[in-house]
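The end of the sequence shown is residue 681 by our numbering, with every number in the run present.
In this text, a Cβ means the ideal position worked out from N, Cα and C, and glycines have one as well.
Report on one structure; see the data block that follows.
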Amino acid sequence: NRSVLQISLTIVPLFRWDSRLHHGTLKWWVWVEDQSNEHIYHSEVWMMTRKICEEGSHTVSFTIPIFEPLPPQYYIRVISDEWIVSE
């Protein structure tokens, strides 16, 4: 009987850190939703620091509940709290 799904998400920044623009940290929203955007299964705030950005990647792990019927797909979004169109 399945009840949860463990997800390990590797986030890779595709930009260079600029302290004049980014200051100390950047706030990002991570969430998991179904294909029709009707249900959000998980959401959390993830803070990116200059160190994380310069390391090249960072892994975020979490679990989500599984409900029947299973959706055909889960979508994971990582969206900046400060940048427009940053998906």
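Same chain only: Cβ atoms within 6 Å of residue i, ignoring 5 sequence neighbours per side
i: Y669; result: E627
i: L599; result: I658, I660
Whole-angstrom C-beta distance between residue j and residue i, which should lie under 8 Å
i: S597; j: P659; result: 7 Å
i: W623; j: I673; result: 5 Å
Start and end residues, alpha helix (DSSP H) containing residue i
i: H617; result: Taken as a continuous stretch (DSSP letters only), H617 belongs to no alpha helix (DSSP H), as it is neither H nor E.
Chain D contact for residue i (CB, 8 Å cutoff)
i: T604; result: Here there is only one protein chain, and chain D is not present.
Nearest-angstrom Cα separation, counted from residue j out to residue i
i: Y635; j: D675; result: 19 Å
i: I541; j: W677; result: Outside the modelled stretch of the chain, which goes from 595 to 681, sits residue 541, for which no answer is possible.
i: I601; j: S637; result: 13 Å
i: Q629; j: S655; result: 21 Å
Segment limits, beta strand (DSSP E) that includes residue i
i: R644; result: That residue, R644, is in no beta strand (DSSP E); its alpha helix (DSSP H) goes 644-649.
**Request:** Taking 8 Å as the threshold, find out whether the segment 598-607 comes into contact with the segment 646-653 through three or more Cβ pairs.
**Result:** Contact check between the segment 598-607 and the segment 646-653: three or more CB pairs, one atom from each, fall below 8 Å, which counts as touching.
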